[in-house]
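Residue numbers (UniProt numbering): 1 to 315.
From the three backbone atoms N, C-alpha and C, an ideal C-beta is built for every residue, glycine too.
As structure tokens, then:
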């Protein structure tokens with residue numbers, strides 16, 4: 001969720017008058033709640049809700065803390081996330097606009113995106129939205145965007161810890177990382193079980209390679225169109241994943257190099273997982289699909305599913 005202040009203002013036509021003048025020493029800009037034209041709720045989880053809205057006539061997403069017991073620890077946690085968001089500036093990370101951390105107004109303002117990668121792949125049964133038919137080139141573009149964003153995040157010595165298709169948003173054809181509630185230090189395990197590396201499931205020490213494992217699951221999910229570990233509960237995953245069980249590998253005309261990359265990323269040993277710079281390099285080397293490959297892939301129908309599309313524009 002994020003970019004440098006100058007880049008944000010230039011790309012979205014924000015002027016200095018759109019922001020309150022009391023910029024924080026850390027470089028993020030405070031926005032008053034009165035300047036937000038609040039719309040409907042579009043997502044949420046934990047202790048936060050996400051609303052669509054407008055800031056100076058620009059579509060935005062607003063993430064606000066709704067927990068009535070806002071103690072000092074929770075306020076600090078929220079500020080930590082805001083500072084992470086404000087410090088990041090990359091085309092594959094959702095752009096942060098500003099926010100407020102003065103109770104009772106605790107919120108972030110971010111660019112509003114179209115939908116999540118999860119929704120693109122699986123559709124939404126509850127909203128009667130079918131999965132999109134993606135070519136191999138489309139899938140590779142999405143995964144490369146994710147890998148580039150993650151390479152950038154790791155270059156900043158940050159671990160996402162909850163990388164999954166629901167936390168990747170599509171904005172004008174570009175896929176971007178979002179939801180940095182878990183991005184901080186690397187001494188507390190957290191995440192979504194079906195994307196969690198063996199060391200996380202077992203409560204062991206971990207490092208940034210847990211994100212690479214999650215990317216392997218995501219890459220396989222994008223290529224197969226299948227929800228990873230569908231029907232498994234946490235106990236199943238904790239028992240089976242450390243023993244080597246993984247989701248189905250890509251089939252059909254998926255290049256062998258992609259299958260190898262998936263297996264490398266979700267390797268049981270973190271030492272054998274590649275860095276994201278290497279992942280980007282490998283994705284760039286995948287041969288473009290032939291006409292016959294494209295025809296076969298475009299004819300496939302993928303299974304549906306529901307997801308919480310945080311920060312998305314609902315039509």
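{"Check": "What residues match up with residue 223 in a beta bridge as DSSP calls it?", "Outcome": "In the DSSP output, where bridge partners are listed per residue, residue 223 has none listed."}
{"Check": "Based on the DSSP secondary-structure assignment, which residues constitute the bridge partners of residue 197?", "Outcome": "According to DSSP, which records beta bridges pairwise, residue 197 is partnered with nothing at all."}
{"Check": "Who are the Cβ neighbours of residue 257 in its own chain at under 6 Å, not counting the five residues just before and after it?", "Outcome": "286"}
{"Check": "In terms of residue numbering, what span does the alpha helix (DSSP H) encompassing residue 147 cover?", "Outcome": "136–155"}
{"Check": "What is the DSSP secondary structure of residue 232, reduced to helix, strand or coil?", "Outcome": "coil"}
{"Check": "Throw me the rounded Cβ distance for the residue 108 and residue 212 pair, which I believe falls under 8 Å.", "Outcome": "About 27 Å; that fails the 8 Å criterion."}
{"Check": "Compare the C-alpha of residue 247 against each of 203, 195, 253, 204 and name the closest.", "Outcome": "195"}
{"Check": "Residue 327: which of 170, 224, 259, 217 sits nearest, CA to CA?", "Outcome": "Residue 327 is absent from the model: the chain starts at 1 and stops at 315."}
{"Check": "Can you look up residue 22 in the DSSP assignment and give me helix, strand or coil?", "Outcome": "Confidence is the limiting factor: at residue 22 the pLDDT is only 43, short of 50, which leaves the residue's position unreliable, though a coordinate-based value still follows. Coil."}
{"Check": "If you count every other CB in all the chains shown that lies within 10 Å of the CB of residue 122, and 16 or more means buried, which is it?", "Outcome": "buried"}
{"Check": "When DSSP labels each residue in this structure, what does residue 249 get in the three-state scheme?", "Outcome": "coil"}
{"Check": "What three-state label does DSSP hand residue 81 in the structure shown?", "Outcome": "helix"}
{"Check": "Give the straight-line distance between the Cα atoms of residue 5 and residue 93, rounded to the nearest whole angstrom.", "Outcome": "Here the model assigns residue 5 a pLDDT of 30, short of 50, so the residue's position is not dependable, and the following value carries that caveat. One C-alpha to the other measures close to 14 Å."}
{"Check": "Taking all protein chains shown into account, do 16 or more other C-beta atoms lie within 10 angstroms of the C-beta of residue 244, making it buried, or fewer, making it exposed?", "Outcome": "exposed"}
{"Check": "Could you name the residues of the same chain whose beta carbon sits closer than 6 Å to that of residue 197, not counting the 5 residues immediately before and after it, in chain order?", "Outcome": "210, 213"}
{"Check": "On the three-state DSSP scale, how would you describe residue 163?", "Outcome": "coil"}
{"Check": "Hey, would you say residue 164 sits closer than 9 Å to residue 218, going by beta carbons?", "Outcome": "yes"}
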